[in-house]
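S.K.: The structure follows.
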């Protein structure tokens with residue numbers, strides 16, 4: 001019995017060492033080929049808002065490269081337990097909703113998203129335009145409040161119509177029951193429009209270099225930036 005237990009402990013220890021080695025090599029490869037993608041989506045709250053033509057701004061748009069670069073700064077600070085950086089003067093001191101999406105890896109896997117919206121309540125679940133509006137839903141499910149949101153590009157990219165979008169959004173919100181037309185009509189729907197700017201990690205490095213700002217780098221290894229990430 002003692003020999004069996006010792007063998008099991010040795011096997012478990014060897015397996016743990018193997019997993020650590022695999023994790024180390026994976027994080028090293030990730031560090032050598034950092035492919036982070038930052039997506040900033042800003043909802044347009046008024047058609048009269050005008051931006052000054054400054055470097056980093058894209059003509060006729062509200063979202064800017066300055067915002068995506070700042071998102072990278074915040075991410076680095078959070079992963080290193082540093083104080084959050086100050087908002088740079090290149091970002092207008094105006095109020096507007098903001099939604100940030102992080103994707104990573106060569107296949108652009110979703111890492112996380114967070115944001116706020118200014119929205120317009122729809123008459124029903126069909127009162128929005130696929131490819132133009134994003135939607136947010138709220139509904140009650142057996143005394144449980146549920147909500148979920150899709151950005152404007154989701155429905156068109158998936159090839160969904162209004163019904164398919166609502167059904168998938170209800171599932172995203174955690175609803176597992178039968179979805180009927182009556183169920184859909186009870187859902188509160190708000191719609192919004194947005195403006196989006198993308199920035200890759202390499203573009204972030206180029207941006208910081210062009211503006212003469214220090215680029216936050218990581219020495220890599222087992223305690224490197226990617227190793228410190230948690231799902």
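Residue numbers (UniProt numbering): 1 to 231. Glycine residues also receive a C-beta, built at the ideal position from the N, C-alpha and C atoms.
Note down the Cα distance separating residue 111 from residue 103, rounded to an integer number of angstroms.
M.R.: Whole-angstrom Cα-Cα distance: 5 Å.
S.K.: Under the rule that 16 or more other beta-carbon atoms within 10 Å means buried, what is residue 73, buried or exposed?
M.R.: By the neighbour-count rule (16 or more Cβ atoms within 10 Å), residue 73 is buried.
S.K.: Do residue 137 and residue 124 have their C-beta atoms within less than 8 Å of each other?
M.R.: Not a contact, by the Cβ cut-off of 8 Å.
S.K.: Sort out for me which residues DSSP pairs residue 149 with in a bridge.
M.R.: Residue 149 is bridged to 136.
S.K.: State buried or exposed for residue 11, treating a residue as buried only when at least 16 other CB atoms are found within 10 Å of its CB.
M.R.: By the 10 Å Cβ count, residue 11 comes out exposed.
S.K.: Report the rounded CA-to-CA distance for residue 86 versus residue 176, giving the unit in angstroms.
M.R.: The straight-line gap from Cα to Cα measures roughly 43 Å.
S.K.: For the beta strand (DSSP E) that residue 197 lies in, which residues bound it at each end?
M.R.: 194-200 is the span of the beta strand (DSSP E), which, as asked, contains residue 197.
S.K.: Contact between the stretch 159-179 and the stretch 94-102: three or more CB pairs below 8 Å?
M.R.: With a cut-off of 8 Å, the stretch 94-102 and the stretch 159-179 do not count as touching, because too few Cβ pairs lie within range.
S.K.: Assuming residue 205 and residue 64 form a contact by the criterion Cβ under 8 Å, report the distance between their Cβ atoms to the nearest whole angstrom.
M.R.: Incorrect: roughly 18 Å between the Cβ atoms, too far for contact.
S.K.: Under DSSP, the alpha helix (DSSP H) around residue 86 begins and ends at which residues?
M.R.: First-last for residue 86: undefined, no H or E at that position.
S.K.: What separation, rounded to the nearest whole angstrom, lies between the Cα atoms of residue 79 and residue 142?
M.R.: Going by the C-alpha atoms only, they are around 39 Å apart.
S.K.: Could you tell me which of 163, 191, 195 sits nearest to residue 180, measuring between CA atoms?
M.R.: The shortest C-alpha separation from residue 180 is found at 163.
S.K.: Put residue 64 into one of helix, strand or coil per three-state DSSP.
M.R.: Note: residue 64 maps to strand in three-state DSSP.
S.K.: For residue 208, name the three-state secondary structure that DSSP assigns.
M.R.: Three-state DSSP puts residue 208 in a helix.
S.K.: For residue 189, which residues does DSSP report across the bridge?
M.R.: Answer is 137, bridged to residue 189.
S.K.: Between the Cα of residue 144 and those of 213, 173, 208, 135, spot the shortest distance and give me the residue it belongs to.
M.R.: When each option's Cα is compared against that of residue 144, the closest is 173.
S.K.: My output table needs one value for residue 256: the three-state DSSP class, helix, strand or coil.
M.R.: The requested residue 256 does not occur in the structure, where the chain is confined to residues 1 to 231.
S.K.: For a test of the three-state rule: what should DSSP assign to residue 144, helix, strand or coil?
M.R.: Residue 144: strand per DSSP, three-state reduction.
S.K.: Report the rounded CA-to-CA distance for residue 90 versus residue 207, giving the unit in angstroms.
M.R.: If you take the alpha carbons of residue 90 and residue 207, they lie about 13 Å apart.
S.K.: Quick one, are the C-beta atoms of residue 116 and residue 97 less than 8 Å apart?
M.R.: Yes, the Cβ-Cβ distance between residue 116 and residue 97 is below 8 Å.
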